[in-house]
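Q: Supplied in structure tokens, the structure appears directly below.
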């Protein structure tokens, strides 16, 4: 009995020491967030710099906001990725998937092959196909329209989540039309929503290092806002763990939040941990070797805290983090487990080892083992089934 009492007192003493060690600025930010107030970009930087027991407090605060906002349901979507070409004229330094134009390992799927993949996904219960490709100068803009029309012809009910802002820029340029006209054409052909990829880090100085030929921040924002104005919802993403700093990440989150305040068009925010192994950015000693586990935890937690009043859904990418660590991050503010994917080429090409497909049964088990309630959703977060 004395031993137990001693341990209890020891724990209380330890907690008191921890509380005293936390600086008042950090505590004030956490209090502000828990009270439901927006934190500033500068305050987000401080949270990204959390150390030691501050990280536990940060994760707890983020998870409290998740619980208060969303509850204990963790959603997932049954979908299939279709990467229809890897032949690329942009060749970003962080990408190990794309191949230069004319490379012997370059490929482009035919329309029939894309449709067959979509049909197979539908037969396996998919409600969504996510379609993206490299920027291939051999592909005509009509090819993009034909992908959409051909899939909708045989699968009118499937949700087509397709084409990043970079692809929309390429399509509009080739068609010699405005972004608004380009998006109208894509929507009329069958586009239901867009991935908010090609964001990487929304800072032009960082982009000059990691993706110098990609669209700049202003263009990315313009395309996203235009899509939202036309009733095309998009996701939002951030790729971190390379040359980015806490300031870069905070700036990125602020841009996303300001867009959402104006348009309300983002369905989710997806932090994407940089897979470094086979990328030029890492092998040339420009980038660090990806994020640490604690950085992954902090990014998801800060994302929840910073965006919570505007974007309710924070997704964890099991492809980037691995299913086991993705499960851990569910306790740091995340409420969505992404998709089954069935096929994933980009992370795998960079050296990811988490596989390309998670069966529904395994996703359900991962979520339940985390003490949460699994639920299948649509792309736009309508609940299909609670398990």
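In the working numbering, the protein residues as written are 3 to 389.
Cβ atoms here follow ideal geometry from the backbone N, Cα and C, with glycine treated the same way.
Considering only DSSP beta bridges, list what residue 82 is partnered with.
A: DSSP lists 131 as partners of residue 82.
Q: Can you give me the Cβ contacts of residue 348 inside the same chain, cut-off strictly under 6 Å, excluding the 5 residues immediately before and after it?
A: Confidence in residue 348 is poor, its pLDDT being 48 and thus under 50, which makes the residue's placement unreliable; the coordinate value appears in the next sentence. Excluding positions up to five away in sequence, the list reads 99.
Q: Considering only their Cβ atoms, is the gap separating residue 96 from residue 283 smaller than 9 Å?
A: Contact: yes.
Q: With distances taken from CA atoms, which of 214, 194, 366 is nearest residue 133?
A: Comparing Cα positions, the closest option is 194.
Q: First and last residue of the alpha helix (DSSP H) that includes residue 338?
A: Run containing residue 338: none in the alpha helix (DSSP H); it sits in the beta strand (DSSP E), 338-341.
Q: For the alpha helix (DSSP H) holding residue 47, just list the boundary residues, first then last.
A: Run containing residue 47: 43-50, per the alpha helix (DSSP H) assignment.
Q: Can you give, in chain order, each stretch of the alpha helix (DSSP H) that sits fully within the region 116-173 and has at least 4 residues?
A: List check, alpha helix (DSSP H) in window: 143-156.
Q: Just mark residue 388 as buried or exposed, buried being the case when its beta carbon has 16 or more other beta carbons within 10 Å.
A: It is exposed - the Cβ of residue 388 has fewer than 16 other Cβ atoms within 10 Å.
Q: Have a look at 103, 83, 82, 85 and flag the residue whose alpha-carbon is nearest the alpha-carbon of residue 91.
A: It is 103 whose Cα lies nearest to the Cα of residue 91.
Q: Should residue 391 and residue 244 be called a contact, given that it needs their Cβ atoms to be closer than 9 Å?
A: Missing from the structure shown is residue 391; the chain here goes from 3 to 389 and no further.
Q: Can you give me the C-alpha to C-alpha distance between residue 314 and residue 270, rounded to a whole angstrom?
A: If I take the Cα positions, the gap works out to 7 Å.
Q: Can you find the residues in the same chain that come closer than 7 Å, C-beta to C-beta, to residue 34, ignoring five residues on each side of it along the sequence?
A: Here the set comprises 41.
Q: Measure the Cβ-Cβ separation of residue 79 and residue 373 and say whether it is below 9 Å.
A: No, they are not a contact pair.
Q: Whose C-alpha, out of 36, 53, 50, 143, is nearest the C-alpha of residue 70?
A: Closest option to residue 70, Cα to Cα, is 36.
Q: Specify whether the region 232-240 and the region 184-203 touch according to this definition: at least 3 beta carbon pairs, one from each stretch, less than 8 Å apart.
A: Touching, per the Cβ criterion.
Q: Measure the C-alpha to C-alpha separation of residue 61 and residue 330 and round it to an integer number of angstroms.
A: Cα-Cα distance, rounded: 11 Å.
Q: Would DSSP call residue 303 helix, strand or coil?
A: Helix at residue 303.
Q: Rounded to whole angstroms, what's the CA-CA distance from residue 59 to residue 279? Just pull it up for me.
A: Between residue 59 and residue 279, the C-alpha separation is close to 32 Å.
Q: Looking only at DSSP bridge pairs, what is residue 268 linked to?
A: Per DSSP, 236.
Q: What residues are listed by DSSP as bridge partners for residue 331?
A: In DSSP, residue 331 forms no bridge with anything.
Q: Suppose you measure from the CA of residue 285 to the CA of residue 213; what does that come to, to the nearest Å?
A: Whole-angstrom Cα-Cα distance: 15 Å.
Q: Quick one: grab the DSSP three-state call for residue 183.
A: Helix at residue 183.
Q: Do you know how far the Cα of residue 52 is from the Cα of residue 27?
A: Going by the C-alpha atoms only, they are around 11 Å apart.
Q: Return the first residue and the last residue of the alpha helix (DSSP H) that residue 209 is part of.
A: Run containing residue 209: 206-212, per the alpha helix (DSSP H) assignment.
Q: Take residue 2 and list the residues in its own chain whose beta-carbon comes closer than 6 Å to its own, dropping the five residues that flank it on each side.
A: There is simply no residue 2 to check, as the chain begins at 3 and stops at 389 in what is shown.
Q: So, with DSSP's three-state summary, where would you put residue 225?
A: Reduced to three states, the DSSP call for residue 225 is helix.
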